[in-house]
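Chains as they are written, first to last, in UniProt numbering: chain W, 1 to 173; chain H, 1 to 173.
Number of protein chains: 2
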Amino acid sequence: MPPRSEGAQSAQEQYREAVATYVAAGGDESVQRVITAVNSLSRKLEQWYTRQLIDLDLSHGEWSVVAQLATADGKPMTPSRLADASNVAASSMTHRLDRMTERGVVRRSPDPENRTRVLVELTDQGWELFGAAVREANVVESDTLAGLTRKERDQLAALLEVVISGLDDLETS
Amino acid sequence: MPPRSEGAQSAQEQYREAVATYVAAGGDESVQRVITAVNSLSRKLEQWYTRQLIDLDLSHGEWSVVAQLATADGKPMTPSRLADASNVAASSMTHRLDRMTERGVVRRSPDPENRTRVLVELTDQGWELFGAAVREANVVESDTLAGLTRKERDQLAALLEVVISGLDDLETS
DNA sequence: TGCTAAGATTTCGACATCGAAATATTCGAA
DNA sequence: TTCGAATATTTCGATGTCGAAATCTTAGCA
Numbered sequence: 001m002p003p004r005s006e007g008a009q010s011a012q013e014q015y016r017e018a019v020a021t022y023v024a025a026g027g028d029e030s031v032q033r034v035i036t037a038v039n040s041l042s043r044k045l046e047q048w049y050t051r052q053l054i055d056l057d058l059s060h061g062e063w064s065v066v067a068q069l070a071t072a073d074g075k076p077m078t079p080s081r082l083a084d085a086s087n088v089a090a091s092s093m094t095h096r097l098d099r100m101t102e103r104g105v106v107r108r109s110p111d112p113e114n115r116t117r118v119l120v121e122l123t124d125q126g127w128e129l130f131g132a133a134v135r136e137a138n139v140v141e142s143d144t145l146a147g148l149t150r151k152e153r154d155q156l157a158a159l160l161e162v163v164i165s166g167l168d169d170l171e172t173s
Numbered sequence: 001m002p003p004r005s006e007g008a009q010s011a012q013e014q015y016r017e018a019v020a021t022y023v024a025a026g027g028d029e030s031v032q033r034v035i036t037a038v039n040s041l042s043r044k045l046e047q048w049y050t051r052q053l054i055d056l057d058l059s060h061g062e063w064s065v066v067a068q069l070a071t072a073d074g075k076p077m078t079p080s081r082l083a084d085a086s087n088v089a090a091s092s093m094t095h096r097l098d099r100m101t102e103r104g105v106v107r108r109s110p111d112p113e114n115r116t117r118v119l120v121e122l123t124d125q126g127w128e129l130f131g132a133a134v135r136e137a138n139v140v141e142s143d144t145l146a147g148l149t150r151k152e153r154d155q156l157a158a159l160l161e162v163v164i165s166g167l168d169d170l171e172t173s
């Protein structure tokens with residue numbers, strides 16, 4: 001990477017500016033510090049993932065499908081649920097699955113219990129792709145957290161898990 | 001919202017499954033707990049932002065431009081930098097700015113110091129949109145963190161800020 | 001000055017995604 | 001059983017995004 005181009009800010013400066021601006025616009029500071037940090041970090045990770053996925057010849061959207069299927073405990077999923085989970089329209093998922101099926105990453109089969117539904121699952125090749133991507137991503141992710149001790153990581157994870165467990169109550173409102 | 005459809009998991013269960021699967025595939029647990037939590041949370045926020053932006057008649061990409069310009073300390077930015085920051089091709093930014101200019105959210109002007117460049121900045125209407133969006137988003141964001149005490153939020157923010165400050169060193173590798 | 005290489009933006013053709021309509025199946029009630 | 005509403009998926013036309021090429025300006029150097 002070339003040295004930051006003139007005018008561009010470091011991630012840290014950008015974060016500080018953003019929090020200050022959001023607070024000035026009417027946001028709570030204790031909220032904006034956390035939320036802005038989470039979003040900044042996620043966006044940065046996203047950039048790295050995108051680069052790594054190019055090596056595996058996967059688009060970001062296709063990766064989303066692979067990851068959903070892999071983390072669904074091996075159980076097949078329907079196109080609609082994949083679309084929801086990927087934040088994409090159901091009609092887009094049709095095309096995406098067409099391409100992935102043709103490439104041999106996923107397999108479509110009719111649901112024996114409900115002929116309206118289609119079930120999608122990873123092929124062996126799909127599982128291999130998943131494993132390769134996880135192990136490659138783990139390198140960058142590990143570097144990202146290099147500044148934290150083991151204890152601090154656990155603390156951070158515990159706090160985030162409290163937030164995540166609260167999401168479900170929020171849904172039903 | 002209707003009760004979760006059969007087969008779907010709660011955010012919490014999804015998170016647990018995901019971490020377990022990533023670890024089984026070769027990721028470090030202390031890394032995956034944090035990273036997966038950050039990404040899960042960010043994706044959930046993204047869904048809410050998208051819904052809220054519909055009210056303001058803004059696409060997610062357009063919001064990205066507004067937010068970048070607002071948090072750049074009021075200084076105008078070039079289309080290329082906006083494209084980088086939005087994770088989008090420069091050519092797409094051209095169209096996006098066309099639409100936003102026509103609508104009166106941003107203003108384009110030639111850079112007096114370099115006629116190759118174009119400078120983009122928010123109009124008064126753009127600033128109003130920004131403020132409205134921030135205040136509306138703050139409601140959901142605040143609810144999201146409702147499970148944490150003020151002290152825990154500060155702790156969480158501090159830990160995340162350590163990670164963010166480390167991003168800049170990582171860049172230059 | 002004149003020439004070439006590099007940089008910024010826009011134009012262009014190909015492809016991905018969206019929302020709405022079309023198709024097919026299931027479920028519940030008459 | 002039969003009808004109509006609800007659900008799941010796919011098809012279709014319009015729009016957004018991508019990467020490469022074209023256009024224009026700047027910067028460096030003889």
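Each residue gets a CB set at the ideal place from its N, CA and C atoms; glycine is no exception.
Checklist entry - DSSP three-state call for R103 (chain W): helix, strand or coil? => result helix
Next on the checklist: Below 8 Å on the Cβ atoms is my contact criterion, and I expect N87 (chain H) with D28 (chain W) to pass it. Report the Cβ-Cβ distance as a whole number of Å.
Outcome noted: Not quite, the Cβ-Cβ distance comes to about 27 Å (not below 8 Å), so this is no contact.
Checklist entry - What are the start and end residues of the beta strand (DSSP E) that includes V41 (chain W)? => result Sequence inspection shows Leu at residue 41 (chain W); the Val mentioned does not correspond to that position. That residue, L41 (chain W), is in no beta strand (DSSP E); its alpha helix (DSSP H) goes E29 to D55.
Item to check | Burial state of P110 (chain H), where buried means 16 or more other Cβ atoms lie within 10 Å | outcome: exposed
Next on the checklist: Relative to the C-alpha of R107 (chain W), which candidate in W:A85, W:V134 and W:M77 has its C-alpha closest?
Outcome noted: W:M77
Checklist entry - List, in order along the chain, the chain W residues whose C-beta lies closer than 8 Å to that of I35 (chain H)? => result L45, E141, T144 and L145
Checklist entry - Which residues in the same chain as A89 (chain H) place their Cβ atom closer than 7 Å to its Cβ, once the five residues preceding and following it in sequence are excluded? => result A83
Item to check | Integer-rounded CB distance, given that D73 (chain W) should sit under 8 Å from E17 (chain H) | outcome: 6 Å
Checklist entry - Beta-carbon of L170 (chain W) versus every beta-carbon of chain H: anything under 8 Å? => result yes
Checklist entry - At least one CB of chain W closer than 8 Å to the CB of E6 (chain H): is that the case? => result Per-residue confidence for E6 (chain H) stands at a pLDDT of 47, beneath the threshold of 50, marking its modelled position as unreliable; the derived number appears in the next sentence. False, the Cβ-Cβ gap to chain W never drops below 8 Å.
Item to check | Selected residue, minimal CA-CA separation from R135 (chain H), among W:Q14, W:T94, W:V31 and W:E13 | outcome: W:V31
Checklist entry - Exposed or buried, which one is I164 (chain W) when buried takes at least 16 other CB atoms within 10 Å? => result buried
Checklist entry - In whole angstroms, what separates the C-alpha of E13 (chain H) from that of V120 (chain W)? => result 21 Å
Checklist entry - With V66 (chain H) and V105 (chain H) assumed to form a contact (beta carbons below 8 Å), what rounded beta-carbon distance in angstroms separates them? => result 7 Å
Checklist entry - Where do the ends of the alpha helix (DSSP H) carrying V118 (chain W) lie? => result Here V118 (chain W) belongs to no alpha helix (DSSP H); instead the beta strand (DSSP E) covers V118 to L122.
Next on the checklist: If we define contact as Cβ-Cβ less than 8 Å, is I54 (chain W) a contact residue for chain H?
Outcome noted: no
Next on the checklist: Contact defined as beta carbons within less than 8 Å: I believe G147 (chain W) pairs with G166 (chain H). What is the distance between those atoms, to the nearest angstrom?
Outcome noted: 4 Å
Next on the checklist: Can you confirm whether the region 153-164 of chain H touches the region 45-52 of chain W when touching is taken to mean that 3 or more C-beta pairs between the two stretches lie within less than 8 Å?
Outcome noted: no
Checklist entry - Can you list, in chain order, the residues of the region 83-104 of chain H whose Cβ is nearer than 9 Å to any Cβ on chain W? => result D84, A85 and N87
Checklist entry - Along chain W, in chain order, which residues have C-beta atoms closer than 9 Å to that of R108 (chain H)? => result Simply none; closest approach about 17 Å.
Checklist entry - Should R96 (chain W) go down as buried or exposed, given a rule of 16 or more other Cβ atoms within 10 Å for buried? => result buried
Next on the checklist: Classify A11 (chain W): buried if its beta carbon has 16 or more other beta carbons within 10 angstroms, exposed otherwise.
Outcome noted: buried
Checklist entry - Does the Cβ-Cβ distance between A37 (chain H) and E161 (chain W) come in under 8 Å? => result yes
Item to check | Test item: CB-CB of M93 (chain W) and E62 (chain W) under 8 Å | outcome: no
Checklist entry - Alpha carbon to alpha carbon, what distance is there between S142 (chain H) and Y22 (chain H)? => result 30 Å
Next on the checklist: In this structure, how does DSSP classify S92 (chain W) when only helix, strand and coil are distinguished?
Outcome noted: helix
Next on the checklist: What residue range does the alpha helix (DSSP H) around D73 (chain W) cover?
Outcome noted: Run containing D73 (chain W): none; DSSP gives neither H nor E here.
Checklist entry - Nearest-angstrom Cα distance between L58 (chain W) and S91 (chain H)? => result 22 Å
Item to check | Other residues of its chain near V118 (chain W): CB distance less than 7 Å, five sequence neighbours each side excluded | outcome: T78, P79, R108, P110 and D111
Next on the checklist: Does chain H have any CB closer than 8 Å to the CB of V163 (chain W)?
Outcome noted: yes
Checklist entry - On the premise that L45 (chain H) lies in contact with L129 (chain H), defined as a C-beta separation below 8 Å, what is that separation, rounded to the nearest angstrom? => result Incorrect: roughly 19 Å between the Cβ atoms, too far for contact.
Next on the checklist: Here's the rule: buried if 16 or more other CB atoms are within 10 angstroms of the residue's CB, otherwise exposed. What is N114 (chain H)?
Outcome noted: exposed
Checklist entry - What number of angstroms, rounded off, separates the C-alpha of T149 (chain W) from the C-alpha of D98 (chain W)? => result 44 Å
Item to check | Three-state class that DSSP yields for residue 212 (chain H) in the structure shown | outcome: In the structure as shown, chain H begins at 1 and stops at 173. Residue 212 (chain H) is therefore absent and cannot be evaluated.
Checklist entry - CA-CA distance, R43 (chain W) and T116 (chain W)? => result 37 Å
Next on the checklist: Measuring only the C-alpha atoms, how far is A132 (chain H) from L159 (chain H)?
Outcome noted: 29 Å
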